[in-house]
Structure formats: structure tokens, C-alpha cells
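Visitor:
Protein chains: 4
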Amino acid sequence: MNTFGNIFRLTCFGESHGIVLGGVIDGCPAGVLVDEDFVQSELDRRRPGQSNLTTSRKEADQVEFLSGIFEGKTTGTPIGFVIYNTNQHSSDYDNVKDIFRPSHADFTYTQKYGFRDYRGGGRSSARETACRVVAGAMAKLLLKQAGFNINIHAEMTEVGGSSENIEEIILKAKEKGDTVGGIITCNISGVPVGWGEPVFGKLQANLASAMLSINAAKGFEYGMGFEMAKKFGSQVNDIFESRDGEITTRTNNSGGIQGGISNGQDIYFRVAFKPVATLLTEQPTVDKDGNPTVVKVRGRHDACVLPRAVPIVESMAAIVLADAYLLNRTSRL
Amino acid sequence: MNTFGNIFRLTCFGESHGIVLGGVIDGCPAGVLVDEDFVQSELDRRRPGQSNLTTSRKEADQVEFLSGIFEGKTTGTPIGFVIYNTNQHSSDYDNVKDIFRPSHADFTYTQKYGFRDYRGGGRSSARETACRVVAGAMAKLLLKQAGFNINIHAEMTEVGGSSENIEEIILKAKEKGDTVGGIITCNISGVPVGWGEPVFGKLQANLASAMLSINAAKGFEYGMGFEMAKKFGSQVNDIFESRDGEITTRTNNSGGIQGGISNGQDIYFRVAFKPVATLLTEQPTVDKDGNPTVVKVRGRHDACVLPRAVPIVESMAAIVLADAYLLNRTSRL
Amino acid sequence: MNTFGNIFRLTCFGESHGIVLGGVIDGCPAGVLVDEDFVQSELDRRRPGQSNLTTSRKEADQVEFLSGIFEGKTTGTPIGFVIYNTNQHSSDYDNVKDIFRPSHADFTYTQKYGFRDYRGGGRSSARETACRVVAGAMAKLLLKQAGFNINIHAEMTEVGGSSENIEEIILKAKEKGDTVGGIITCNISGVPVGWGEPVFGKLQANLASAMLSINAAKGFEYGMGFEMAKKFGSQVNDIFESRDGEITTRTNNSGGIQGGISNGQDIYFRVAFKPVATLLTEQPTVDKDGNPTVVKVRGRHDACVLPRAVPIVESMAAIVLADAYLLNRTSRL
Amino acid sequence: MNTFGNIFRLTCFGESHGIVLGGVIDGCPAGVLVDEDFVQSELDRRRPGQSNLTTSRKEADQVEFLSGIFEGKTTGTPIGFVIYNTNQHSSDYDNVKDIFRPSHADFTYTQKYGFRDYRGGGRSSARETACRVVAGAMAKLLLKQAGFNINIHAEMTEVGGSSENIEEIILKAKEKGDTVGGIITCNISGVPVGWGEPVFGKLQANLASAMLSINAAKGFEYGMGFEMAKKFGSQVNDIFESRDGEITTRTNNSGGIQGGISNGQDIYFRVAFKPVATLLTEQPTVDKDGNPTVVKVRGRHDACVLPRAVPIVESMAAIVLADAYLLNRTSRL
């Protein structure tokens with residue numbers, strides 16, 4: 125279950141401290157000009173060390189395409205790629221080998237599989253998301269070159285409960301060896317009417333699945349979201365009207381989707397992220413035999429996932445849209 | 125894209141005013157005793173007319189199994205079933221044939237497919253969810269007979285912004301011809317450690333996809349959810365400890381899932397539902413040519429989806445869990 | 125695993141002696157005019173009792189569409205359908221309840237699932253293929269209305285080793301209570317260049333899977349097939365040439381497919397079918413406890429599957445092509 | 125459509141003259157000891173240059189595992205791997221850039237995708253099959269370590285119509301710059317009763333799909349195959365009997381599968397391969413504009429695919445079986 129999408133599909137692999145992360149993008153149509161600089165620039169947005177908000181780990185995160193591209197264009201065959209892991213300090217993790225870090229996947233992986241790759245969290249590390257950014261960048265290129273003027277823009281809108289002083293709150297948490305949660309808001313303009321499938325393939329269901337598959341995500345809402353649960357229908361229905369010969373809606377409380385299908389208005393949603401589970405302070409826990417112990421994590425860690433999660437949110441949204449676009453090519457005779 | 129699940133899979137079909145709704149449950153193991161009374165009782169929970177909170181439409185919602193069962197037990201072959209539509213008043217919809225009801229799927233379906241079955245909302249009607257309840261009931265039977273003591277319990281916890289006087293708020297909205305939104309909370313106890321897949325098949329991602337595929341759902345959060353976005357790691361990490369020889373956590377802010385995999389604690393989540401889009405008051409809108417008009421819907425409609433959405437939320441959760449259980453049978457040598 | 129296809133997908137259900145057979149066609153584009161007479165005429169070709177070559181069982185095989193069609197056209201939503209079982213004599217099977225008929229699926233089903241629906245072979249009966257004919261007819265309608273002049277024609281070309289006197293050979297076997305095998309050849313003209321996927325979705329691989337999923341099929345070959353294994357490259361390569369401004373091949377030993385993708389020439393293939401396993405003479409066998417016994421089957425059975433398998437072969441081919449067509453809509457930017 | 129399998133799944137990528145071939149094996153259970161020497165030895169069987177029967181091209185075909193393995197065992201997470209392309213002579217293909225080699229995929233790829241990677245056949249090259257051998261070797265390790273004593277053995281049984289002097293026939297063809305077809309027979313012992321799914325996932329359908337996805341394969345038959353089409357039921361039914369307390373069959377004309385499900389007897393099948401399309405003699409053809417020209421291929425090519433196809437047939441069979449095994453874990457309560 126390491127594949128996402130129906131037509132435009134990403135299959136990914138790799139662990140935090142393995143040789144590489146990698147992926148295969150299958151179903152990308154032939155003829156897309158691969159702007160490698162753009163792909164790399166997207167990856168760079170996720171890379172640590174971009175600002176003092178993020179971990180000081182150095183990860184080059186250089187994508188290397190291995191297949192599916194010829195003379196600069198996609199050939200219609202699968203696009204394999206890797207990102208080398210170059211700066212791992214696996215020994216940083218020797219002390220967590222036999223213990224379970226609180227609110228990490230150490231315990232569940234060990235129980236499910238019988239053992240785990242404990243180095244840097246193995247497959248459960250958010251480092252895996254770099255592959256999604258590569259696929260997301262390819263999805264953006266596809267949508268653009270297919271002639272759509274779609275703009276996917278995510279940003280941090282809340283950290284630690286505040287929508288102001290976001291950077292300071294993160295820096296303060298970092299100083300204390302603590303971590304902090306927050307909210308990323310994503311707005312997508314330019315999606316034409318008709319993308320998404322009516323029942324289980326609703327556009328919002330695919331977006332929700334995409335977002336909740338990102339490490340540390342705890343919630344998803346679109347349009348007016350949870351706030352809409354407090355309202356009366358007479359307050360929030362989006363009234364249709366004609367403007368410049370096109371049918372549109374006066375308001376957009378629906379968030380650009382009705383009945384699972386895009387309606388031409390902006391799609392917007394919010395994703396809640398918990399604080400990073402890795403604290404630099406000592407925490408009590410148990411070892412694999414259930415004996416009480418303490419864990420003090422070494423290494424270089426983010427105090428907040430948000431700065432680096434912004435391009436991941438955009439990328440997963442782009443993958444969902446590229447897939448919905450291609451699937452919608454088959455909706456009419 | 126009318127199939128949900130990987131191993132335990134529901135494929136469903138049918139429109140609000142067609143002959144039947146129906147579905148095929150594929151991948152249900154052989155040997156499950158089919159308690160038809162239980163399945164029907166689950167369906168009855170969703171049926172309208174159970175209380176004065178819901179529409180007075182009469183829908184018998186009698187399930188008829190067509191295959192996959194022999195001598196009272198599942199045979200391992202696909203379980204087909206239908207629910208007859210018996211009380212449609214299609215003429216109630218003649219007046220919306222050529223106009224787009226606000227915040228409904230009328231516009232998006234027409235644009236996507238070129239035309240639409242306008243009677244009772246066609247495939248976009250929430251009536252489709254009856255099939256999910258049948259599959260959910262089968263999933264519950266499977267989990268129980270497989271020896272798990274899993275309890276899935278959903279309930280309305282908020283309507284119109286209030287967690288009290290829920291019934292009164294709904295009745296008041298109904299009197300006014302208005303509708304109201306709310307929140308359903310679901311708690312699941314008894315899930316063993318190890319269900320769910322690490323990356324794109326995270327248990328929370330599948331639950332989110334399941335919930336957002338329900339009509340009128342606008343948001344999903346699990347564990348501490350959006351509230352967790354306001355917190356610091358030091359406040360919310362779930363500390364492991366041993367209790368009675370078993371590894372457990374002091375708190376359960378994670379909501380029973382870590383790294384996409386169940387950790388043995390209760391899984392809990394909340395789903396936000398918008399107010400029903402169908403008002404009994406007159407609303408402005410446009411017709412298919414974009415000309416301004418008004419819509420006044422006839423027929424019998426719920427003032428709030430929540431009372432009837434409770435069993436749907438439980439059912440979709442049960443399907444996700446049954447699928448995760450079967451998939452987890454292949455996780456180790 | 126009762127679903128076939130990627131975009132145009134058939135999910136089917138039902139047993140020989142259950143209430144109905146049925147299926148769900150998902151992914152059929154909106155706007156296809158549903159010529160129900162044509163669908164029924166295709167079903168009639170498979171129905172027993174069409175000639176003295178086939179069983180005298182009466183099966184009305186009347187298809188009833190349940191969803192996905194409005195005002196005579198497909199709506200883009202799933203097309204559910206059923207075919208009622210009306211002429212079962214389940215008591216004919218009481219004597220095989222606890223024994224294993226030679227070369228039937230009785231033994232394997234019982235071992236796999238723990239028990240089996242023994243009436244008429246249950247799910248293993250070829251009666252299941254009626255659903256494929258419905259989906260095949262819909263696939264043919266889709267391809268035609270999409271503007272392709274594709275002609276799919278299957279016929280019996282060999283029975284009992286002879287390509288002549290086919291009817292007599294079948295009748296002679298029938299008289300003796302014996303059964304006989306044979307070969308169906310299928311020719312498909314009018315498929316445009318470009319359908320099929322390069323590696324695992326090769327057109328011939330999908331056709332092979334489709335044909336070998338038909339009861340009693342033992343082999344598949346396309347183009348020159350097994351005969352080609354005897355040849356030298358210099359004898360069988362298909363030389364390209366231009367004719368009337370179009371690139372074509374002098375010969376068509378390849379069978380219309382190169383590298384898994386249609387090349388515009390006729391696609392042709394042959395399917396080998398074994399003799400029906402049900403003999404009307406007494407055969408030794410064992411019961412479920414392994415004790416020796418004899419089986420003498422009652423009931424009405426075909427002496428040869430071929431006459432009724434012809435429309436099934438065509439139908440499965442049509443489904444494969446419809447799916448390849450829709451998938452190919454996404455192959456280029 | 126570069127993914128094969130349901131639970132045990134191979135997704136592969138790469139072109140003949142790209143940087144690497146590669147793949148991702150998803151769904152392999154945790155705990156399988158990865159005997160890399162065995163995997164490499166399987167790859168070596170496919171590698172050219174093993175005997176004077178095959179091309180003199182040097183391809184190291186060294187597999188490098190990238191993920192999913194820790195401390196020598198599979199972790200349950202996806203197993204990425206690459207095989208470097210080290211000995212390409214891309215310039216050998218400059219002269220075929222704008223022309224279509226007879227019976228190759230040049231024409232169909234160009235028509236489908238608008239252009240093609242012409243170097244060494246690109247994605248249509250049989251070099252792609254190296255990845256299948258890696259996945260097949262992993263499947264064999266899984267089956268063995270799961271406690272099954274399954275033996276998958278393929279061999280060349282016919283070349284150029286002869287079952288004798290196979291090596292000489294190939295060498296003679298090679299001397300002439302010609303190529304020759306043949307048949308590979310595969311026998312599988314030790315498969316327990318119950319693997320395979322009844323309708324579309326029949327074991328023989330999956331094997332047929334697997335085999336026909338191999339380059340140059342033109343036909344598949346299992347059990348008595350096409351010969352069975354000449355027979356009467358009274359001649360070929362497999363009579364059940366008890367032997368040493370186990371239910372078995374006197375004969376095995378069915379080829380170890382009944383109703384799509386393994387019956388415990390040996391599974392055997394034959395695959396027909398056409399002669400390699402690449403001749404070292406001059407052939408007429410057309411260029412991309414339809415103008416007549418001639419093609420004389422340079423480079424090092426096999427005169428017969430069979431010697432190197434033997435491990436590919438075994439590998440694809442192993443993948444089908446591993447997948448059927450894992451899926452069968454979910455067949456009963």
C-alpha cells in the first residue's frame with residue numbers, strides 16, 4: 125500500500141537512513157516537458173536548513189530521474205527517480221534501538237512487523253515525503269502544460285494557536301527543546317468544473333486521504349469545514365448566479381466542491397498538524413520488554429513540521445488533481 | 125470509482141429514484157454467519173421516520189441478499205444485495221429538472237456528464253449510503269466472529285454549535301423550514317495493535333477518506349485533532365508505560381494510531397457535517413441556461429443529517445477496520 | 125477478485141442456483157445510448173436451448189438494468205443489473221452434495237473455503253458468464269458510439285480435433301452421454317493503432333487473462349501463436365509498407381499487436397476449451413471423507429461448451445478493448 | 125500499468141539504454157531473510173553471455189537493493205531495487221531512429237505516445253524483464269521460508285519445431301543472422317490446495333497474463349492445453365481417488381488447477397515464443413513518413429529468446445504464486 129492514485133500514480137519506497145528514497149510515477153501522459161530545475165526548486169522548499177526555523181541537518185535532496193524521460197519529455201512510460209540520503213548519522217539512534225519513543229511509530233511498527241529499522245525512524249520518518257514533492261512537481265507540470273491555469277498555494281496560517289508571530293513561536297519552542305503544532309491552509313484556484321468522482325472518489329475524500337497520509341497530520345476540513353457544523357442551511361448555502369455569461373456562486377462556503385465534483389470556484393482546505401513528537405528534553409518511556417526507562421533523543425530535529433510541510437501539502441493536492449483530471453478524460457462518450 | 129476497500133471491498137450502485145440501491149461485497153472471508161436481523165437492524169437505524177427528528181418519508185429499506193451466502197454462512201464468493209426503492213415521488217422533482225439547487229450536485233453532475241438524473245438527486249442522494257450500512261454490518265459481523273471485541277460507537281455530540289439540546293435545535297430548524305449542521309463523534313475500542321499501513325494506507329487516511337465520502341461531511345479530525353495544532357509537544361506526547369504486563373500509554377492524544385498503525389488504545393475521531401442543502405423556503409438560483417429563477421423544493425427532507433448519519437459513520441469505520449484486519453493478515457512471514 | 129478491468133470495470137456476483145446473477149459496470153462514460161434489445165440479443169446467443177447442440181434447460185436470461193441509465197442513456201454512474209435464475213432444479217444436485225465430481229471445482233472450493241454451495245456448481249458454474257455478456261454488449265455499444273468501426277467476430281473452428289462436421293461431432297458426443305472439446309477463433313477488425321499498455325497491461329496479456337478466466341478454457345494464442353514457435357524470424361517478421369498513404373504491414377503474423385499495443389491490423393486469437401467435465405455416464409470418485417464412490421450426474425448439461433462460449437469470448441474481448449480505449453485517452457498530454 | 129499483482133506487487137521502470145532498470149516490490153511480508161546471493165544467481169541465469177547460445181553483450185546485471193531490508197530481513201516496507209545499465213552502445217541505434225523495425229514496437233510506441241526512446245528499444249526491450257527476475261527470486265524466498273516445498277522448474281522443450289538438438293538449431297540460426305522461436309515448459313510441484321480465486325482471479329488467468337506479458341510470448345496453455353480441445357470428456361476427466369489418506373487424482377490433465385484454484389497436483393503449462401524480431405540481415409521497411417527504406421540492425425542480439433526466458437517464466441510464475449498465497453490468507457474466517 126505504497127501506491128497513491130488511480131491513473132497518475134506514485135509508488136514510493138525508502139527509509140530515512142537507507143541509501144536512497146525513491147519513487148515511480150506511473151500514468152503520467154507522454155509529452156510533458158520536464159523542467160528539472162522546477163522539480164528541484166520544489167524539493168528545495170521542503171529541504172531542511174532553508175531558514176533558522178528548520179533543522180540544521182544538511183540534506184541535499186537532489187532528485188535524480190532514472191527513466192521515463194527522453195529528450196527532455198516524458199515518454200508515457202514510468203518515471204523512476206531517487207533522492208540520495210547523504211547526511212545520516214545513524215549512530216544517533218543507537219540509544220533508541222530497544223526503546224519506544226513517545227508518540228512515534230516505534231511501538232506500532234515493532235508490533236506489526238516483528239522488528240523495525242530504528243535508524244532515524246526508518247520508513248516512518250517524514251523524510252519519505254520528499255518523494256511526494258517530486259511527484260507533486262510533475263503533477264504541477266502536467267496540469268500547466270495541459271493548459272490549465274491552476275494555482276495551488278499553501279501557507280502556515282496558525283502555530284501554537286496563534287495566527288500571528290508564527291516564526292517567533294517556533295523559534296521559542298526550539299530554544300526550549302520543545303515542539304509546536306499548527307495549521308496549513310491551502311487554496312487552489314483555476315480548477316475547471318467536473319473533476320472528482322461522485323461516491324467513493326469524491327474530490328474531498330481523495331484530498332482528505334492525501335493530507336491525512338502526511339506525517340503528523342491530525343485533521344482536515346474543506347470549505348467552511350468544522351465551522352459549518354455550527355450553521356443553519358439558510359446561512360451557508362451557496363447561491364448560484366450568472367456573471368459574465370458564466371454560472372458561478374455568490375459565496376463559496378462549499379470550498380469549490382459539490383457532490384464530490386469541482387464546481388469551478390476556489391478549492392480551499394485546512395490541515396492540522398500536531399507538534400513534532402521528538403523533543404530534545406528527557407521523556408519517560410518503556411523499552412521493548414516493557415521496563416520503564418527514559419529517552420533523550422540526539423540528533424537534529426524540526427521544532428515544527430509546518431515550514432517544511434507546506435510544499436508537501438501542495439504536492440499531494442497536485443497529485444490528487446492530476447489524477448482527477450486524467451480520470452475525468454473518460455467521463456463522457 | 126464506486127468501489128471502496130482493498131481486500132474487503134464494497135462496490136455499490138443505484139440512484140435515489142431508481143428501482144433499487146445495491147452493492148457487492150467482495151473479499152469477505154468464508155464462514156461468517158450472516159445474522160440478517162442484525163443487518164436489518166443496522167439499516168433501520170439509518171431509515172427515515174425513526175423519530176420526529178427525521179423526514180417523514182417512508183423507506184422500508186429492506187435488504188435482500190442475492191448471493192454469496194449458503195446455509196446461513198458466507199461462502200467466500202461475492203455478496204450481492206439490493207434495497208428496493210418503494211416510496212419515491214419523482215414528480216416532486218419536476219420543477220428542479222432544469223434548474224440548479226443551491227449547494228447541491230445538480231450543477232457539477234450536469235457539467236461533468238452532460239446531463240443528470242434529476243429525480244431525488246439521482247446518484248448524489250444520501251440514499252446511496254444505505255448500501256454502506258449493509259456492508260458495515262457485514263464488516264461488524266466479520267470482526268466479531270473473528271474473535272475481536274471491537275466496539276464502534278458513534279453519536280451526535282454537537283448541533284448548530286451546541287452540545288446540549290440537540291433534539292430541540294433540530295426540531296426548531298425543521299419548524300422554520302431551515303436545516304442545521306453538527307458533529308458526530310466516533311469511538312472505537314478493542315482494535316488490536318498493528319492494523320493500518322505505514323504510508324498511503326495509514327489507518328487515519330483511510331478513515332478520513334471514508335468519512336469525507338459521506339454526503340455533507342466537511343471535516344475530519346482524529347485524536348486531539350485540530351486542538352492539537354495549538355499545543356506544544358511537551359503537552360501532548362503520549363508517554364508509554366507498562367500496565368498489567370502490557371505496554372500502553374498514559375494519555376491517548378494520538379487517538380489510538382501512531383505512524384498510521386493502531387496502537388491498541390481507543391481510536392476516536394470527529395466528523396463535521398454541514399446543514400442539509402435542501403431548504404423548504406424559497407431560494408434564488410439559475411436555470412441550466414444561466415437565467416435567474418427561484419427554487420422551492422417540494423418533498424420530505426431531513427432538517428439535519430446527523431441522526432441518520434450516525435450508523436453510516438459507524439459502518440464506514442467498520443469497513444475500514446475489516447479491510448485493515450484482512451490486509452494485516454499478510455504483514456508477516 | 126470478482127472485478128475485471130481498470131477503467132471500464134465489471135464486478136459480478138451470483139451462483140447458478142441462487143436468486144439472480146448480477147453485475148455492476150463501473151467506469152462506462154456518460155451518454156451511451158443503451159440499446160436494450162441489442163444487449164438482450166447478445167444474451168440470447170449464450171442462452172441454452174438455442175439449437176439442439178445445447179442443453180435443453182430453459183433459462184430466460186432476461187437482463188434487468190437497475191441503475192446508471194436515465195432517459196435511455198448511461199449517466200456515468202455505475203450500471204447495476206441482474207438476470208433472474210428461473211429454472212433451477214436444485215434437487216438434481218442432492219446426490220453430489222458430499223462427493224467431488226471429477227474435473228469440477230467441488231474439491232478445490234471445499235478445501236479453500238471449508239464448504240461449498242453444491243447446487244448447480246454454485247459460483248463455479250459457467251452460468252456466471254451471462255453477466256460478462258451484458259458487460260460485453262455495453263462495451264460494444266460504447267465502442268460503436270465512440271465512432272469506431274470495430275467488428276469482433278468469434279466462431280467455432282474446431283471440435284474434437286476436426287474443423288469440419290462440428291455439429292455432428294457434438295451431437296454424437298451428446299448421444300453417448302459424452303462431451304467434447306474444441307477451439308474458438310476470434311477476429312477483431314477496426315481497432316485503431318495505440319491501444320494497450322507496454323509492460324504488464326499488454327493487450328495480449330489482458331486478452332489472455334480474459335479468455336483463461338472463462339470456464340473450461342485451457343489455452344490462448346494470438347497471431348500465429350504456437351505455430352510461430354516453430355519458425356525462423358526471416359519467415360515471420362511483418363514487413364512494414366505504405367499503402368494509400370497509410371503505414372501497414374504486408375503480413376499479419378503478429379496478430380495486430382506489437383509491443384503490447386495494437387498496430388491497426390486485425391487482432392486475432394484462438395482459445396482452446398476442454399470437454400465439459402459433466403458426463404451423463406457413471407464415473408468413479410471419492411466423497412468428502414475420501415471414501416470411494418461413484419457419481420452419476422442428473423440434470424441437463426451441454427455436451428460441448430463451444431456453441432454458447434462464442435458470445436462470451438466476444439464479450440470478454442469487447443470489455444478488454446473498451447478498457448484499453450478509455451485508458452488510452454490518458455496516454456498523451 | 126507497470127504494476128503486477130494484488131498483494132505481492134511489482135512496480136517496475138526503466139529503459140534499455142537508460143541509467144538503470146528498477147522496481148519496487150510492495151506487499152512482501154516482514155521477516156523474509158534476503159539471500160542476496162540467490163537473487164543474484166537468478167539474475168545471472170537471465171544475463172547474456174552465459175553460453176554461446178546468447179548475445180555476447182556484457183550486462184553485469186548486478187542488483188542493488190535500496191530499501192525495505194534491515195539486518196538482512198525484509199521489514200514489511202517496500203523493497204526498492206535497481207540494476208545499472210553498464211554496457212549500452214546507444215549509437216548502434218542511430219540508424220533506426222526514424223524508421224520502424226519490422227515486428228518491433230517502434231511503430232506502435234510512436235503512434236501511441238507521439239515519439240519514442242529509440243535507443244535499444246527503450247521500454248519495449250526485453251531488458252526490462254531483469255526486474256521481474258529480482259521480484260521472482262524474492263517470491264521464491266518468501267514461499268520457501270513460509271514453509272512450502274514448492275519447486276518451479278522451467279526449461280526449453282522445443283525450438284524451431286524440434287524437441288531435439290535445440291542448441292544446434294539456435295547456433296545454426298545465429299550463424300545465418302537469423303532467429304528462431306520455441307516453447308518453454310514449466311512445471312510447479314508442491315503448491316497446496318486452495319490457491320487462486322474463482323472468477324477473474326483464476327490461477328490460470330493470472331499465469332496467462334503473466335506469461336503473455338513477457339516479450340515475444342505468443343501463446344499459453346496449461347494442463348493438456350490445446351490438445352484437450354481434441355478430446356472427449358470420457359478420455360480426459362481426472363478421476364479422484366484416495367492415496368495414503370489424501371484425496372488426489374489418478375491423472376492430471378487439468379494441470380493442477382480446477383475452477384481457478386490449485387488442487388494439490390503439479391501445475392504445468394507451456395509458453396510459445398516467436399523468433400526474435402531483430403535479424404542481422406537487411407530487411408525492407410518504411411521510415412516515419414511512410415517512405416520505403418531498408419533496415420540493417422547493428423549491435424549484439426540473441427538468436428533465440430528461450431535460453432534467457434527460462435528464468436523469466438519461472439519468476440513470473442513465482443510472483444503469481446506468492447500473490448495467490450498471500451491473498452489466500454484472507455479466504456476463511
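Residue numbers (the working numbering), protein chains in the order written: chain B, 125 to 457; chain U, 125 to 457; chain R, 125 to 457; chain L, 125 to 457.
Where a beta carbon is used, it is the ideal one built from N, C-alpha and C, also for glycine.
Can you tell me whether Met-280/U is helix, strand or coil according to DSSP?
Guide: Translated into the one-based positions of the second sequence, residue 280/U becomes position 156. Reduced to three states, the DSSP call for Met-280/U is strand.
Visitor: Since Pro-172/B sits in a beta bridge, which residues does DSSP pair it with?
Guide: Indexing the first sequence from 1 puts residue 172/B at position 48. Pro-172/B is not bridged to any residue.
Visitor: Give me the subset of the stretch 143-159 of chain R whose CB atoms are less than 8 Å from a CB atom of chain B, sorted by chain position.
Guide: Taking 8 Å as the Cβ-Cβ cut-off against chain B, the residues of the stretch 143-159 of chain R that qualify are Gly-151, Pro-153, Ala-154, Gly-155 and Val-156.
Visitor: Can you pull the chain B neighbours of Asp-362/U, defined as C-beta to C-beta under 7 Å?
Guide: Taking the second sequence and counting its residues from 1, one reaches residue 362/U at position 238. Result: Pro-226 and Ser-227.
Visitor: Whose C-alpha, out of Ile-338/B, Ser-378/B, Val-400/B and Gln-382/B, is nearest the C-alpha of Asn-361/U?
Guide: In the second sequence, the residue the question calls residue 361/U occupies position 237. Checked all of Ile-338/B, Ser-378/B, Val-400/B and Gln-382/B; the closest Cα to Asn-361/U is Val-400/B.
Visitor: What is the DSSP secondary structure of Val-400/U, counted as helix, strand or coil?
Guide: Taking the first residue of the second sequence as 1, we reach residue 400/U at position 276. Three-state DSSP puts Val-400/U in coil, outside helix and strand.
Visitor: What residue from Ala-154/U, Asp-150/U, Thr-135/U and Asn-209/U has the CA that sits closest to Arg-171/U's CA?
Guide: Translated into the one-based positions of the second sequence, residue 171/U becomes position 47. When only C-alpha atoms are compared, the closest one is Asn-209/U.
Visitor: Measure the CB-CB distance between Asp-230/U and Arg-240/U and report whether it falls below 9 Å.
Guide: Indexing the second sequence from 1 puts residue 230/U at position 106. Indexing the second sequence from 1 puts residue 240/U at position 116. Against a cut-off of 9 Å, the Cβ pair of Arg-240/U and Asp-230/U comes out as a contact.
Visitor: Alpha carbon to alpha carbon, how far is Cys-428/B from Val-283/B?
Guide: The residue labelled residue 428/B in the question sits at position 304 within the first sequence. The residue labelled residue 283/B in the question sits at position 159 within the first sequence. Each residue's alpha carbon lies about 9 Å from the other.
Visitor: Based on Cα-Cα distance, which residue from Leu-266/B, Ala-250/B, Val-395/B and Gln-359/B lies nearest to Val-304/U?
Guide: In the second sequence, the residue the question calls residue 304/U occupies position 180. The candidate whose alpha carbon is nearest that of Val-304/U is Gln-359/B.
Visitor: Measuring CA to CA, which of Ile-276/R, Ala-250/R and Gly-343/R is closest to Arg-432/R?
Guide: Position 308 of the third sequence holds residue 432/R. Taking only the C-alpha atoms, the option nearest Arg-432/R is Ala-250/R.
Visitor: Arg-453/L to Arg-367/L, Cα distance in whole Å?
Guide: By one-based count along the fourth sequence, residue 453/L stands at place 329. By one-based count along the fourth sequence, residue 367/L stands at place 243. Approximately 27 Å, taken between the alpha carbons.
Visitor: Relative to the alpha-carbon of Lys-354/R, which residue among Ile-307/L, Phe-350/L and Thr-375/L has its alpha-carbon at the smallest distance?
Guide: Stepping through the third sequence from its first residue, residue 354/R is reached at position 230. Nearest of Ile-307/L, Phe-350/L and Thr-375/L to Lys-354/R, Cα basis: Ile-307/L.
Visitor: Just the Cα atoms here: how many angstroms apart are Asp-185/L and Ala-446/R?
Guide: Taking the first residue of the fourth sequence as position 1, residue 185/L is located at position 61. Taking the first residue of the third sequence as position 1, residue 446/R is located at position 322. Cα to Cα, the separation comes out at about 38 Å.
Visitor: Chain R partners of Asp-237/U, CB-CB under 7 Å?
Guide: Locating residue 237/U in the second sequence gives position 113, where the first residue counts as 1. At residue 237/U the sequence reads Tyr, which differs from the Asp that was named. Under the 7 Å cutoff, chain R gives Ala-154, Thr-199 and Gly-200.
Visitor: Cβ of Met-125/U less than 9 Å from any chain R Cβ?
Guide: Working through the second sequence from its first residue, we reach residue 125/U at position 1. Cβ-Cβ to chain R under 9 Å: yes for Met-125/U.
Visitor: Is the shortest distance between the beta-carbon of Asp-241/R and the beta-carbons of chain U less than 9 Å?
Guide: Locating residue 241/R in the third sequence gives position 117, where the first residue counts as 1. Chain U contact via Cβ: present.
Visitor: Write down the C-beta distance between Gly-196/B and Leu-157/B rounded to the nearest angstrom, noting that I regard them as a contact closer than 8 Å.
Guide: Walking along the first sequence from the start, residue 196/B turns up at place 72. Walking along the first sequence from the start, residue 157/B turns up at place 33. About 6 Å separates the two Cβ atoms, so the contact holds.
Visitor: Can you look up Arg-367/B in the DSSP assignment and give me helix, strand or coil?
Guide: To locate residue 367/B, count along the first sequence from 1; it is residue 243. Arg-367/B falls in the strand class under three-state DSSP.
Visitor: Give me the Cα-Cα distance between Thr-402/B and Gly-384/L, rounded to the nearest whole angstrom.
Guide: In the first sequence, counting from the first residue as 1, residue 402/B sits at position 278. In the fourth sequence, counting from the first residue as 1, residue 384/L sits at position 260. The straight-line gap from Cα to Cα measures roughly 51 Å.
Visitor: In the structure shown, what three-state DSSP assignment does Glu-345/R receive?
Guide: Counting from one through the third sequence, the residue named residue 345/R turns up at place 221. If DSSP states are grouped into helix, strand and coil, Glu-345/R belongs with the strands.
Visitor: I'd like the span of the beta strand (DSSP E) that includes Asp-222/R, first residue to last.
Guide: Along the third sequence, one-based indexing puts residue 222/R at 98. Counting along the chain, Asp-222/R falls outside any beta strand (DSSP E), and DSSP gives it neither H nor E.
Visitor: Determine, for Phe-190/U, whether the minimum Cβ-Cβ distance to residues of chain R falls below 9 Å.
Guide: Residue mapping note: residue 190/U aligns to position 66 of the second sequence, counting from 1. A small fix is needed here, since residue 190/U is Leu in this sequence, not Phe. Yes, contact with chain R.
Visitor: How far does the beta strand (DSSP E) with Thr-409/U in it reach, from first residue to last?
Guide: As a working note, residue 409/U is residue 285 in the second sequence. Segment 407-410, the beta strand (DSSP E) holding Thr-409/U.
Visitor: Who are the neighbours of Phe-132/L on chain B, taking C-beta pairs under 9 Å?
Guide: Position 8 of the fourth sequence, counting from 1, holds the residue named residue 132/L. Result: empty, since nearest Cβ-Cβ is about 12 Å, beyond 9 Å.
Visitor: Since Ser-248/R meets chain L, which of its residues come closer than 7 Å, beta carbon to beta carbon?
Guide: Here residue 248/R corresponds to residue number 124 of the third sequence, with the count starting at 1. In chain order: Pro-322 and Gly-383.
Visitor: Any idea what DSSP makes of Phe-132/L, helix, strand or coil?
Guide: Counting from one through the fourth sequence, the residue named residue 132/L turns up at place 8. DSSP places Phe-132/L in coil when its eight states are reduced to three.
Visitor: So which residues of chain B does Gln-328/U contact, with C-beta pairs closer than 7 Å?
Guide: Position 204 of the second sequence holds residue 328/U. The answer, in chain order, is Leu-336.
Visitor: Can you have a look at Glu-213/L and say buried or exposed, based on whether 16 or more other CB atoms are within 10 angstroms of its CB?
Guide: Position 89 of the fourth sequence, counting from 1, holds the residue named residue 213/L. Note that residue 213/L corresponds to His in the displayed sequence, not to Glu. His-213/L is exposed by the Cβ-count criterion.
Visitor: Check whether the Cβ of Phe-205/U lies closer than 9 Å to any Cβ atom in chain B.
Guide: One-based indexing of the second sequence puts residue 205/U at position 81. Not an interface residue.
Visitor: Using a beta-carbon distance below 9 Å, is Ile-307/L in contact with chain A?
Guide: Among the protein chains of the structure shown, namely B, U, R and L, there is no chain A.
Visitor: Is Arg-394/U near Gly-349/U, with beta carbons less than 9 Å apart?
Guide: Against the second sequence, residue 394/U aligns to sequence position 270. Against the second sequence, residue 349/U aligns to sequence position 225. Their beta carbons are under 9 Å apart, which means Arg-394/U touches Gly-349/U by this criterion.
Visitor: Can you tell me which residues form a DSSP beta bridge with Gln-382/U?
Guide: Here residue 382/U corresponds to residue number 258 of the second sequence, with the count starting at 1. Looking at the DSSP assignment, Gln-382/U forms a beta bridge with Ile-385/U.
Visitor: Give the interface partners of Ser-140/U over in chain L, defined as CB-CB distance under 7 Å, in chain order.
Guide: Within the second sequence, numbered from 1, the residue matching residue 140/U stands at position 16. By Cβ distance, chain L contributes nothing, its closest Cβ being about 31 Å from Ser-140/U, past 7 Å.
Visitor: Answer with yes or no whether the minimum CB distance from Gln-186/U to chain L is below 9 Å.
Guide: Start at 1 with the first residue of the second sequence, and residue 186/U comes out as number 62. Cβ-Cβ to chain L under 9 Å: no for Gln-186/U.
Visitor: Under the three-state reduction of DSSP, which class applies to Lys-300/U: helix, strand or coil?
Guide: Indexing the second sequence from 1 puts residue 300/U at position 176. In this structure, Lys-300/U counts as coil in the three-state DSSP scheme.
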